[in-house]
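Novice: This is the structure I want to talk about, given as C-alpha coordinates.
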Amino acid sequence: MALCEQMGAMVYDLLISDCDGVLVDSEILADQVMREALATFVPAEALEHLLGTTFGQTTHEVLLRVQEHFSVQLPETLLAQIQARSEALIKAQVQPIAGARAALEQIPLPLAVASNSRRHNVIASVERVGLTARAAGNIFSADMVERPKPAPDVYLLAARTLGVAPQRCLVIEDSPTGATAALAAGMQVLGFTGASHIPQGHGDTLRRIGVLEVFDDMRDLPVLFERLAQKRAS
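Our numbering puts the first residue of the sequence shown at 54, with every later residue one more than the last.
This is the structure:
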(Lines of atoms letter the chains of each structure in order from A; the text may use other names.)
(Lines give C-alpha, C1' and ligand atoms only; values in the text may rest on other atoms or scores of the structure.)
Protein backbone atom coordinates (compact mmCIF):
# COMPACT_ATOMS: atom_id res chain seq x y z
CA MET A 54 0.00 0.00 0.00
CA ALA A 55 1.36 3.45 -0.94
CA LEU A 56 2.09 6.01 1.76
CA CYS A 57 -0.90 8.14 0.70
CA GLU A 58 -3.20 5.14 1.04
CA GLN A 59 -1.76 4.20 4.43
CA MET A 60 -2.08 7.73 5.77
CA GLY A 61 -5.58 8.18 4.35
CA ALA A 62 -6.78 4.95 5.91
CA MET A 63 -5.39 6.05 9.27
CA VAL A 64 -7.14 9.40 9.51
CA TYR A 65 -10.23 9.32 7.25
CA ASP A 66 -12.84 6.69 6.47
CA LEU A 67 -14.98 8.47 3.87
CA LEU A 68 -14.65 11.15 1.20
CA ILE A 69 -17.86 13.11 0.54
CA SER A 70 -18.14 15.40 -2.46
CA ASP A 71 -20.71 18.03 -3.26
CA CYS A 72 -22.02 17.75 -6.81
CA ASP A 73 -22.83 21.07 -8.49
CA GLY A 74 -19.70 23.16 -8.79
CA VAL A 75 -17.44 20.31 -7.64
CA LEU A 76 -18.17 17.38 -9.95
CA VAL A 77 -20.00 19.24 -12.71
CA ASP A 78 -19.83 22.89 -13.79
CA SER A 79 -23.58 23.36 -13.44
CA GLU A 80 -24.02 26.31 -11.09
CA ILE A 81 -23.51 28.89 -13.82
CA LEU A 82 -26.29 27.28 -15.89
CA ALA A 83 -28.70 27.13 -12.96
CA ASP A 84 -27.89 30.75 -12.15
CA GLN A 85 -28.68 31.76 -15.73
CA VAL A 86 -32.11 30.13 -15.52
CA MET A 87 -32.83 31.77 -12.16
CA ARG A 88 -31.97 35.24 -13.44
CA GLU A 89 -34.10 34.82 -16.55
CA ALA A 90 -37.06 33.55 -14.55
CA LEU A 91 -36.93 36.41 -12.05
CA ALA A 92 -36.20 39.22 -14.52
CA THR A 93 -39.84 40.31 -14.73
CA PHE A 94 -40.26 40.42 -10.95
CA VAL A 95 -37.04 41.95 -9.59
CA PRO A 96 -34.65 44.66 -10.88
CA ALA A 97 -31.55 43.05 -12.32
CA GLU A 98 -28.99 44.93 -10.22
CA ALA A 99 -30.80 44.22 -6.95
CA LEU A 100 -31.26 40.58 -7.92
CA GLU A 101 -27.54 40.30 -8.70
CA HIS A 102 -26.68 41.32 -5.15
CA LEU A 103 -29.16 38.96 -3.53
CA LEU A 104 -28.20 35.93 -5.61
CA GLY A 105 -24.62 36.49 -4.54
CA THR A 106 -25.70 35.62 -0.99
CA THR A 107 -27.69 32.49 -1.88
CA PHE A 108 -24.87 30.48 -3.44
CA GLY A 109 -25.42 26.75 -2.84
CA GLN A 110 -28.99 27.01 -1.56
CA THR A 111 -31.91 25.07 -3.02
CA THR A 112 -34.08 26.73 -5.66
CA HIS A 113 -36.98 26.69 -3.20
CA GLU A 114 -34.93 28.52 -0.56
CA VAL A 115 -33.72 31.10 -3.08
CA LEU A 116 -37.28 31.90 -4.17
CA LEU A 117 -38.35 32.29 -0.55
CA ARG A 118 -35.47 34.72 -0.02
CA VAL A 119 -36.48 36.70 -3.11
CA GLN A 120 -40.09 36.97 -1.95
CA GLU A 121 -39.06 38.07 1.53
CA HIS A 122 -36.34 40.49 0.47
CA PHE A 123 -38.28 42.22 -2.31
CA SER A 124 -41.77 41.82 -0.83
CA VAL A 125 -43.05 40.22 -4.03
CA GLN A 126 -45.42 37.31 -4.51
CA LEU A 127 -44.01 34.91 -7.05
CA PRO A 128 -46.27 32.56 -9.03
CA GLU A 129 -46.78 29.16 -7.43
CA THR A 130 -45.72 27.52 -10.68
CA LEU A 131 -42.37 29.31 -10.85
CA LEU A 132 -40.43 26.75 -8.81
CA ALA A 133 -41.44 23.87 -11.07
CA GLN A 134 -40.71 25.97 -14.16
CA ILE A 135 -37.22 26.87 -12.97
CA GLN A 136 -36.45 23.29 -11.97
CA ALA A 137 -37.60 21.93 -15.33
CA ARG A 138 -35.67 24.55 -17.30
CA SER A 139 -32.53 24.07 -15.20
CA GLU A 140 -32.65 20.31 -15.59
CA ALA A 141 -33.08 20.58 -19.35
CA LEU A 142 -30.25 23.11 -19.74
CA ILE A 143 -27.89 21.17 -17.50
CA LYS A 144 -28.66 17.91 -19.27
CA ALA A 145 -27.89 19.52 -22.62
CA GLN A 146 -24.88 21.65 -21.76
CA VAL A 147 -23.22 20.73 -18.46
CA GLN A 148 -19.57 19.72 -18.48
CA PRO A 149 -17.66 17.76 -15.84
CA ILE A 150 -15.21 19.73 -13.75
CA ALA A 151 -11.84 19.22 -15.41
CA GLY A 152 -9.84 16.51 -13.70
CA ALA A 153 -12.55 15.57 -11.20
CA ARG A 154 -12.87 11.94 -12.18
CA ALA A 155 -9.14 11.24 -12.28
CA ALA A 156 -8.55 13.02 -8.98
CA LEU A 157 -11.32 11.25 -7.11
CA GLU A 158 -10.24 7.90 -8.51
CA GLN A 159 -6.86 8.45 -6.84
CA ILE A 160 -8.18 9.11 -3.33
CA PRO A 161 -7.99 5.84 -1.37
CA LEU A 162 -11.32 6.23 0.42
CA PRO A 163 -14.92 5.22 -0.29
CA LEU A 164 -16.75 8.06 -2.08
CA ALA A 165 -20.18 9.51 -1.34
CA VAL A 166 -21.91 12.47 -2.97
CA ALA A 167 -24.05 14.86 -0.89
CA SER A 168 -25.97 17.58 -2.71
CA ASN A 169 -28.69 20.19 -2.33
CA SER A 170 -30.04 19.11 -5.72
CA ARG A 171 -32.74 16.50 -6.25
CA ARG A 172 -31.54 12.92 -6.25
CA HIS A 173 -32.28 12.07 -9.89
CA ASN A 174 -30.27 15.12 -10.97
CA VAL A 175 -27.34 14.13 -8.78
CA ILE A 176 -27.38 10.59 -10.17
CA ALA A 177 -27.32 11.99 -13.72
CA SER A 178 -24.43 14.33 -12.89
CA VAL A 179 -22.39 11.56 -11.27
CA GLU A 180 -22.95 9.48 -14.38
CA ARG A 181 -21.89 12.39 -16.61
CA VAL A 182 -18.57 12.61 -14.76
CA GLY A 183 -18.04 8.87 -15.01
CA LEU A 184 -18.11 8.24 -11.27
CA THR A 185 -21.16 5.98 -11.00
CA ALA A 186 -19.10 2.91 -10.12
CA ARG A 187 -16.79 4.89 -7.85
CA ALA A 188 -19.70 6.31 -5.84
CA ALA A 189 -21.29 2.85 -5.67
CA GLY A 190 -24.78 4.20 -5.05
CA ASN A 191 -23.68 6.41 -2.14
CA ILE A 192 -25.68 9.42 -3.32
CA PHE A 193 -27.51 11.67 -0.87
CA SER A 194 -29.66 14.67 -1.76
CA ALA A 195 -31.83 17.42 -0.33
CA ASP A 196 -35.03 15.52 -1.06
CA MET A 197 -33.86 12.72 1.26
CA VAL A 198 -33.69 14.89 4.40
CA GLU A 199 -35.93 17.30 6.28
CA ARG A 200 -33.59 20.28 6.04
CA PRO A 201 -31.26 21.08 3.12
CA LYS A 202 -27.82 22.65 3.47
CA PRO A 203 -26.76 24.78 5.36
CA ALA A 204 -28.29 22.36 7.87
CA PRO A 205 -26.01 19.34 8.36
CA ASP A 206 -28.74 16.76 7.68
CA VAL A 207 -27.59 15.45 4.30
CA TYR A 208 -24.02 15.03 5.52
CA LEU A 209 -25.11 13.32 8.70
CA LEU A 210 -27.33 11.01 6.65
CA ALA A 211 -24.38 10.03 4.47
CA ALA A 212 -22.17 9.29 7.47
CA ARG A 213 -24.89 7.40 9.33
CA THR A 214 -25.88 5.33 6.30
CA LEU A 215 -22.29 4.30 5.65
CA GLY A 216 -21.48 3.73 9.31
CA VAL A 217 -18.76 6.37 9.52
CA ALA A 218 -18.23 8.83 12.35
CA PRO A 219 -18.59 12.43 11.08
CA GLN A 220 -15.14 13.38 12.33
CA ARG A 221 -13.69 10.67 10.08
CA CYS A 222 -15.22 12.25 6.96
CA LEU A 223 -13.46 14.62 4.56
CA VAL A 224 -15.73 16.83 2.43
CA ILE A 225 -15.17 18.80 -0.78
CA GLU A 226 -17.45 21.84 -1.08
CA ASP A 227 -17.60 24.93 -3.26
CA SER A 228 -20.22 27.03 -1.47
CA PRO A 229 -20.50 28.71 1.93
CA THR A 230 -23.87 26.98 2.28
CA GLY A 231 -22.35 23.54 1.78
CA ALA A 232 -19.22 24.19 3.81
CA THR A 233 -21.35 25.42 6.71
CA ALA A 234 -23.42 22.24 6.53
CA ALA A 235 -20.41 19.92 6.55
CA LEU A 236 -18.70 21.78 9.37
CA ALA A 237 -21.91 21.72 11.40
CA ALA A 238 -21.93 17.95 10.92
CA GLY A 239 -18.49 17.78 12.53
CA MET A 240 -16.61 17.00 9.33
CA GLN A 241 -13.44 18.46 7.85
CA VAL A 242 -13.84 20.44 4.63
CA LEU A 243 -11.79 21.35 1.59
CA GLY A 244 -12.96 24.34 -0.44
CA PHE A 245 -12.96 24.01 -4.23
CA THR A 246 -12.98 27.23 -6.26
CA GLY A 247 -12.35 25.99 -9.80
CA ALA A 248 -15.86 26.13 -11.28
CA SER A 249 -16.78 28.87 -13.74
CA HIS A 250 -19.29 30.59 -11.45
CA ILE A 251 -16.86 31.30 -8.61
CA PRO A 252 -16.56 35.04 -7.81
CA GLN A 253 -13.34 36.83 -6.94
CA GLY A 254 -12.40 36.45 -3.29
CA HIS A 255 -14.53 33.36 -2.81
CA GLY A 256 -11.64 31.37 -1.39
CA ASP A 257 -11.27 33.90 1.41
CA THR A 258 -14.97 33.50 2.20
CA LEU A 259 -14.55 29.75 2.52
CA ARG A 260 -11.48 30.16 4.71
CA ARG A 261 -13.38 32.45 7.08
CA ILE A 262 -16.05 29.79 7.43
CA GLY A 263 -13.42 27.29 8.49
CA VAL A 264 -12.38 25.05 5.59
CA LEU A 265 -8.97 23.42 5.95
CA GLU A 266 -7.61 24.33 2.52
CA VAL A 267 -8.79 26.00 -0.69
CA PHE A 268 -7.81 24.74 -4.15
CA ASP A 269 -8.93 25.61 -7.68
CA ASP A 270 -7.63 22.68 -9.75
CA MET A 271 -8.85 19.13 -9.22
CA ARG A 272 -5.50 17.81 -10.35
CA ASP A 273 -4.10 19.16 -7.08
CA LEU A 274 -6.47 17.11 -4.92
CA PRO A 275 -4.40 13.90 -4.55
CA VAL A 276 -1.32 15.81 -3.35
CA LEU A 277 -3.47 17.98 -1.08
CA PHE A 278 -5.11 14.88 0.38
CA GLU A 279 -1.74 13.27 1.07
CA ARG A 280 -0.49 16.40 2.81
CA LEU A 281 -3.60 16.61 4.98
CA ALA A 282 -3.43 12.93 5.86
CA GLN A 283 0.23 13.20 6.87
CA LYS A 284 -0.46 16.31 8.94
CA ARG A 285 -3.43 14.78 10.72
CA ALA A 286 -1.58 11.52 11.40
CA SER A 287 1.44 13.28 12.91
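Even for Gly, the Cβ is constructed at its ideal location relative to N, Cα and C.
Keep in mind that this is a model prediction, so the values were computed, not measured.
For R172, which residues in the same chain have their Cβ closer than 7 Å to its Cβ, ignoring the five residues on either side in sequence?
Specialist: Scanning its chain for C-beta atoms nearer than 7 Å, with the 5 sequence neighbours on each side dropped, one finds around R172 the residues I192, S194, D196 and M197, in chain order.
Novice: Specify, as a first and last residue, the run of the beta strand (DSSP E) that S124 falls within.
Specialist: For S124, there is no enclosing beta strand (DSSP E), as DSSP gives it neither H nor E.
Novice: For my contact list, I150 and L76 are in at a C-beta cut-off of 8 Å; report their separation, rounded to the angstrom.
Specialist: 6 Å
Novice: For a quick check, are the C-beta atoms of P205 and A156 less than 8 Å apart?
Specialist: no
Novice: Select from D66, P203, H122 and A90 the residue whose C-alpha is nearest the C-alpha of Q134.
Specialist: A90
Novice: So which of E180, H102, H122 and Q110 has the shortest CA-CA distance to N169?
Specialist: Q110
Novice: Does DSSP put S139 in a helix, a strand or coil?
Specialist: helix
Novice: Would A282 be called buried (16 or more neighbouring beta carbons within 10 Å of its own) or exposed?
Specialist: buried
Novice: Looking at I81: is its Cβ nearer than 8 Å to the Cβ of H250?
Specialist: At the C-beta level, I81 and H250 come within 8 Å of one another.
Novice: Specify, as a first and last residue, the run of the alpha helix (DSSP H) that A238 falls within.
Specialist: That residue, A238, is in no alpha helix (DSSP H); it is neither H nor E in DSSP.
Novice: Identify, in the order they occur along the chain, each residue of the same chain with its Cβ nearer than 7 Å to the Cβ of E158, setting aside the five sequence neighbours on each side.
Specialist: R187
Novice: For the beta strand (DSSP E) containing E199, list its first residue and its last residue.
Specialist: In this chain, E199 is not harboured by any beta strand (DSSP E), its DSSP state being neither H nor E.
Novice: Using the Cα positions of R269 and T93, report the straight-line distance between them to the nearest angstrom.
Specialist: This sequence places Asp at residue 269; Arg is not what is there. Rounded to the nearest angstrom, the two C-alpha atoms are 35 Å apart.
Novice: Span of the alpha helix (DSSP H) holding A83?
Specialist: From DSSP, the alpha helix (DSSP H) with A83 extends over E80 to L91.
Novice: Are A232 and L259 closer than 8 Å when you measure CB to CB?
Specialist: Between A232 and L259, the CB-CB gap stays under 8 Å.
Novice: Can you tell me whether DSSP reads S70 as helix, strand or coil?
Specialist: The answer is strand: DSSP assigns S70 an E or B state.
Novice: Quick check on P149: does DSSP put it in helix, strand or coil?
Specialist: Here P149 sits in strand by DSSP.
Novice: With three or more beta-carbon pairs closer than 8 Å as the criterion, would you say the segment 207-215 touches the segment 138-145?
Specialist: no
Novice: Apart from the five residues just before and just after R181, which ones in its own chain have a Cβ nearer than 7 Å to its Cβ?
Specialist: V77, V147 and P149
Novice: Less than 8 Å separating the beta-carbons of G244 and V267?
Specialist: yes
Novice: For the candidate residues D73, A83, E114 and R118, whose alpha-carbon lies nearest to that of V95?
Specialist: R118
Novice: Going by DSSP, which residues form a beta bridge with I192?
Specialist: V166
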